[in-house]
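**Q** Quick note, the sequence shown lines up with residues 1 to 600 if you use this note's numbering.
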Amino acid sequence: MTDGADSRGVVWLIGAGPGDPWLITVRGRELLERADVVLYDALSHPALLEWCRPGAELRCVGKRYGERSPDQAWITAQLIEEARAGRKVARLKGGDPLLFARGAEEAQALAQAGVRFEIVPGIASPVAATAYAGISMTHRELSSSVTFITGSDRAGKEWSPEAWRKLATATDTICVLMGMRRIEAICDAILAGGRAPSTPAAVIHWGAQAAQRVVTGTLADIASRSKAAKLTNPALILVGEVVSLRDELAWYDNAPLFGLRVLVPRPVEQARETASLIRERAAEPFVRPTIRVEAPPEPARLTAALERLANYDWVLFTSANGVTASFAELTRQERDGRAFGRAKIACIGPKTAAALGRYGIRADLIAREYVAEALVAALRERGVGEGSRVLLLRALVAREVLPEALRAAGAEVDVVPAYQTLPLSAEAADELRGAFRAAAEALGRAAEPRAAAGGSAAMGRVTDGKGASRSAAESRGTLAKDLEADESGSALRGDVAIIDRVTDEMDKAPRGEMGVRPHSAGVDVALFTSSSTVHSLVDALGTDAPTLCRGTLLASIGPITSQALRDRGLWVDVEATEYTVPGLLDAIEAHLVARRVKAM
Numbered sequence: 001m002t003d004g005a006d007s008r009g010v011v012w013l014i015g016a017g018p019g020d021p022w023l024i025t026v027r028g029r030e031l032l033e034r035a036d037v038v039l040y041d042a043l044s045h046p047a048l049l050e051w052c053r054p055g056a057e058l059r060c061v062g063k064r065y066g067e068r069s070p071d072q073a074w075i076t077a078q079l080i081e082e083a084r085a086g087r088k089v090a091r092l093k094g095g096d097p098l099l100f101a102r103g104a105e106e107a108q109a110l111a112q113a114g115v116r117f118e119i120v121p122g123i124a125s126p127v128a129a130t131a132y133a134g135i136s137m138t139h140r141e142l143s144s145s146v147t148f149i150t151g152s153d154r155a156g157k158e159w160s161p162e163a164w165r166k167l168a169t170a171t172d173t174i175c176v177l178m179g180m181r182r183i184e185a186i187c188d189a190i191l192a193g194g195r196a197p198s199t200p201a202a203v204i205h206w207g208a209q210a211a212q213r214v215v216t217g218t219l220a221d222i223a224s225r226s227k228a229a230k231l232t233n234p235a236l237i238l239v240g241e242v243v244s245l246r247d248e249l250a251w252y253d254n255a256p257l258f259g260l261r262v263l264v265p266r267p268v269e270q271a272r273e274t275a276s277l278i279r280e281r282a283a284e285p286f287v288r289p290t291i292r293v294e295a296p297p298e299p300a301r302l303t304a305a306l307e308r309l310a311n312y313d314w315v316l317f318t319s320a321n322g323v324t325a326s327f328a329e330l331t332r333q334e335r336d337g338r339a340f341g342r343a344k345i346a347c348i349g350p351k352t353a354a355a356l357g358r359y360g361i362r363a364d365l366i367a368r369e370y371v372a373e374a375l376v377a378a379l380r381e382r383g384v385g386e387g388s389r390v391l392l393l394r395a396l397v398a399r400e401v402l403p404e405a406l407r408a409a410g411a412e413v414d415v416v417p418a419y420q421t422l423p424l425s426a427e428a429a430d431e432l433r434g435a436f437r438a439a440a441e442a443l444g445r446a447a448e449p450r451a452a453a454g455g456s457a458a459m460g461r462v463t464d465g466k467g468a469s470r471s472a473a474e475s476r477g478t479l480a481k482d483l484e485a486d487e488s489g490s491a492l493r494g495d496v497a498i499i500d501r502v503t504d505e506m507d508k509a510p511r512g513e514m515g516v517r518p519h520s521a522g523v524d525v526a527l528f529t530s531s532s533t534v535h536s537l538v539d540a541l542g543t544d545a546p547t548l549c550r551g552t553l554l555a556s557i558g559p560i561t562s563q564a565l566r567d568r569g570l571w572v573d574v575e576a577t578e579y580t581v582p583g584l585l586d587a588i589e590a591h592l593v594a595r596r597v598k599a600m
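1. On a Cα-Cα basis, can you pick out the residue from Glu575, Phe286, Leu249 that is closest to Leu263?
2. Please report the distance separating the alpha-carbon of Ala559 from that of Ala353.
3. Would the beta-carbon of Val243 fall within 8 Å of that of Ala189?
4. Taking only runs of the alpha helix (DSSP H) that begin and end inside the stretch 13-42, which ones reach a length of at least 4 residues, in chain order?
5. Buried or exposed: where does Arg342 fall if 16 or more other Cβ atoms within 10 Å of its Cβ makes it buried?
6. Taking Ile14 and Pro97 to be in contact with their CB atoms under 8 Å, please state how far apart those CB atoms are, rounded to whole angstroms.
7. Using 8 Å for Cβ pairs, my map puts His45 next to Gly19. What's the rounded Cβ distance?
8. By Cβ distance, which residues of its chain are closer than 6 Å to Ser145, with the 5 residues on each side in sequence left out?
9. Would you tell me roughly how many angstroms separate the C-alpha atoms of Arg59 and Tyr40, rounded to the nearest one?
10. Following the continuous alpha helix (DSSP H) through Phe327, name the residue where it begins and the one where it ends.
11. With a floor of 4 residues, list each alpha helix (DSSP H) that falls wholly inside the stretch 201-246, ordered by position along the chain.
12. Which residues does DSSP list as the beta-bridge partners of Gln420?
13. Using the DSSP secondary-structure output, state which residues sit across from Lys88 in a beta bridge.
14. Could you check which residue in Thr543, Ala310, Asn321 has the C-alpha nearest to that of Val293?
15. Are the CB atoms of Val120 and Arg87 within a distance shorter than 8 Å?
16. Compare the C-alpha of Ala56 against each of Ala42, Ala35, Asp71, Ile75 and name the closest.
17. Here's the rule I'm using: 16 or more other beta-carbon atoms within 10 Å means buried, otherwise exposed. How should Ser425 be labelled?
18. Cutting at 8 Å between CB atoms, please list the residues of its own chain near Ile278, excluding the five before and the five after it.
19. At which residues does the beta strand (DSSP E) containing Thr147 begin and terminate?
20. Classify Gln603: buried if its beta carbon has 16 or more other beta carbons within 10 angstroms, exposed otherwise.
21. On the DSSP bridge list, what partners appear for Val120?
22. Buried or exposed for Ala587, please, with buried defined as at least 16 other CB atoms from any protein chain shown within 10 angstroms of its CB.
23. Among all the DSSP beta bridges, which residues are the ones paired with Ala275?
24. Between Ala271 and Gln78, what straight-line distance do the alpha-carbon atoms span, to the nearest angstrom?
25. Go through its chain and collect everything with a Cβ distance to Val203's Cβ below 6 Å, but skip five positions before and after it.
26. Ends of the beta strand (DSSP E) at Thr173?
27. In three-state DSSP terms, what is Val523?
28. Using the Cα positions of Met600 and Ala124, report the straight-line distance between them to the nearest angstrom.
29. How many whole angstroms separate the CB atoms of Ala133 and Gly17, which I take to be in contact at a CB cut-off of 8 Å?
See the structure below:
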């Protein structure tokens, strides 16, 4: 780090890692949370921006080939200007900031301007992308040397064919970054340099994230195979015997949920843990709230109830929203957890308990099953009944099972709304309808007989996790027949669309060049973790919700949520046996594996 003219301002050049947002370093995340201004590249995962502090200024400065993009000189000038103004600036760069990036140039300019800076290394994209593709760049028996080279140097400074020919046999493994525009010329030059045409080769597109696609072949045909699969930058071209390891080591894209876009109908701040669990299973969370959470229409009731907290025997919370709203009011009153006095606290489910934990409060009672009926039973076991004073802090509109049952047992129950839920804005509702419509249209395409597109025989296959596989075209045909034979079709609706989109993308045009993430615009799976998420989503989708949802797998966390789906004219493809988000994801995985095995 250098000394700067302004001791308050600083620039952090942070490596964002290759794709998976969890691969950012601890130091990188810490500084991102402290920054006043964040200038981020197109290759840094959008989820990383969720860790920025509230109020931080976010500026996209990513470059895309063939498109108007911020000039590097302008970006550098912004870094200097903001730091000189005394601000903490995070420059978030994909991969590592110094490996085939402009980090060194930016650091030089900062040093010359007398601006303090720190370089935070990131996991380099070739290291992570090959690992996620199940390919080790070195191996004692296959490769003891690696060359990293960019296929997209400065204009007029590209490597010559002669240089590529010299490189051909200089090392065991050749890794080319950003070389897709010249892949034919690169492969021809390596062949001309003496590398055998049968040398294994691979292209890894959008590595280390749910959009990852891997095409394998040989040096002689990898260019045509990747072009047939319509792979573009960002991608790695890998040449060497180590590519053959993928047959044994592929792990990420063999996960049952790999590549799926999973709707989490909750606000971002409440969905972080669920989104993390989805990413761990190689899927991509699509976090969109289906409601707006706002103060209740009579906030004075909440104020008064919290002023009397110590007068109650039990205080009940049925959602994380209720916890957040209640503690926001306590903070406004300049009070904390001590306000509960002798009152015991009970809640429904681990999510609500975790929300309490963020305020240093441990629940005295958590229902064994995450429904109101289970909480009533647990409270009765703890002696709640005649003479008990109970405060229930909940949404303005909610089921009456809990207060009615407690009153029937003789308890005095005060029900106080801590918050209310309102419908989405028209714009947000239109976005959701568009996502479901895209999945429904994909289902229509999946049911249409068509020949498999040309390309790698290894592409477009459905794997059951035990090595058995079948071409995606064959699987689509089998599932389409099953769909026609099934009277309701509900058991297979989502599966057809999922298999069509995720496992046979060779014949689909890319959604954009570098920096435009190629995820489907559709929703492959929708998670419903409460009745309220069902009602709010159906309200947002409107009267044609059943038609819009026909291409999406509908997954319910438990029987009450499932009944809400049926009451609103939808169906249940998957229901969890353990009423938690991990339990629901386990159930979805088991469902998809079973259907894929059936289709073999």
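Think of the CB as a built atom: it goes at the ideal place given N, C-alpha and C, for glycine as much as any other residue.
**A** On the basis of the data shown:
1. The residue given as residue 263 occupies position 263 in the sequence shown. Among Glu575, Phe286, Leu249, the Cα nearest to that of Leu263 belongs to Phe286.
2. Stepping through the sequence shown from its first residue, residue 559 is reached at position 559. Stepping through the sequence shown from its first residue, residue 353 is reached at position 353. Residue identity check: residue 559 is Pro in the sequence provided, not Ala. Each residue's alpha carbon lies about 21 Å from the other.
3. Mapped onto the sequence shown, residue 243 falls at position 243. Mapped onto the sequence shown, residue 189 falls at position 189. Their beta carbons are not under 8 Å apart, which means Val243 does not touch Ala189 by this criterion.
4. 26-34
5. Here residue 342 refers to the residue found at position 342 of the sequence shown. Arg342 is exposed by the Cβ-count criterion.
6. Within the sequence shown, residue 14 is the residue found at index 14, counting from 1. Within the sequence shown, residue 97 is the residue found at index 97, counting from 1. The Cβ separation is near 7 Å, so the contact holds.
7. Working through the sequence shown from its first residue, we reach residue 45 at position 45. Working through the sequence shown from its first residue, we reach residue 19 at position 19. Right, their Cβ atoms sit about 6 Å apart.
8. Taking the sequence shown and counting its residues from 1, one reaches residue 145 at position 145. Once the five neighbours on either side are set aside, the close Cβ partners of Ser145 are Thr171, Asp172.
9. Stepping through the sequence shown from its first residue, residue 59 is reached at position 59. Stepping through the sequence shown from its first residue, residue 40 is reached at position 40. Near 6 Å, if we compare the C-alpha coordinates of Tyr40 and Arg59.
10. For the purposes of this step, residue 327 is taken as the residue at position 327 of the sequence shown. 320-332 is the extent of the alpha helix (DSSP H) around Phe327.
11. 222-228
12. Residue numbering aside, residue 420 sits at position 420 when the sequence shown is read from its first letter. Answer is Glu294, bridged to Gln420.
13. Looking up residue 88 in the sequence shown gives position 88. Per DSSP, Val10.
14. Counting from 1 along the sequence shown, the entry for residue 293 is found at position 293. If we check each option's Cα against that of Val293, Asn321 comes out closest.
15. Here the question's residue 87 lines up with position 87 in the sequence shown. Here the question's residue 120 lines up with position 120 in the sequence shown. Contact: no.
16. Locating residue 56 in the sequence shown gives position 56, where the first residue counts as 1. Considering only alpha carbons, the answer is Ala35.
17. Working through the sequence shown from its first residue, we reach residue 425 at position 425. So Ser425 counts as exposed.
18. The count along the sequence shown starts at 1 and reaches residue 278 at position 278. Contacts found: Leu257, Val262, Val264, Glu284, Pro285, Leu585.
19. As a working mapping, residue 147 is identified with position 147 in the sequence shown. From DSSP, the beta strand (DSSP E) with Thr147 extends over 146-150.
20. Within the shown structure, residues of the chain are numbered from 1 to 600, placing residue 603 beyond reach of any answer.
21. As a working note, residue 120 is residue 120 in the sequence shown. Looking at the DSSP assignment, Val120 forms a beta bridge with Ile14.
22. The sequence position of residue 587 within the sequence shown is 587, counting from 1. Ala587 is buried by the Cβ-count criterion.
23. Along the sequence shown, read from residue 1 onward, the residue named residue 275 stands at position 275. The partner list for Ala275 (beta bridge, DSSP) is empty, contrary to what the question assumes.
24. The residue labelled residue 271 in the question sits at position 271 within the sequence shown. The residue labelled residue 78 in the question sits at position 78 within the sequence shown. Cα to Cα, Ala271 sits roughly 33 Å from Gln78.
25. Here residue 203 is taken as the residue at index 203 of the sequence shown, counted from 1. Here the set comprises Val215, Ser226, Leu231, Ala235, Ile237.
26. Counting from one through the sequence shown, the residue named residue 173 turns up at place 173. Element bounds for Thr173: 173-177.
27. As a position in the sequence shown, residue 523 is number 523, starting the count at 1. Looking at Val523 - three-state DSSP - the assignment turns out to be coil, as it is neither helix nor strand.
28. Along the sequence shown, one-based indexing puts residue 600 at 600. Along the sequence shown, one-based indexing puts residue 124 at 124. Going from the Cα of Met600 to the Cα of Ala124 covers about 38 Å.
29. Position 133 of the sequence shown, counted from the first residue, corresponds to residue 133. Position 17 of the sequence shown, counted from the first residue, corresponds to residue 17. Wrong, their Cβ atoms sit about 16 Å apart, outside the cutoff.
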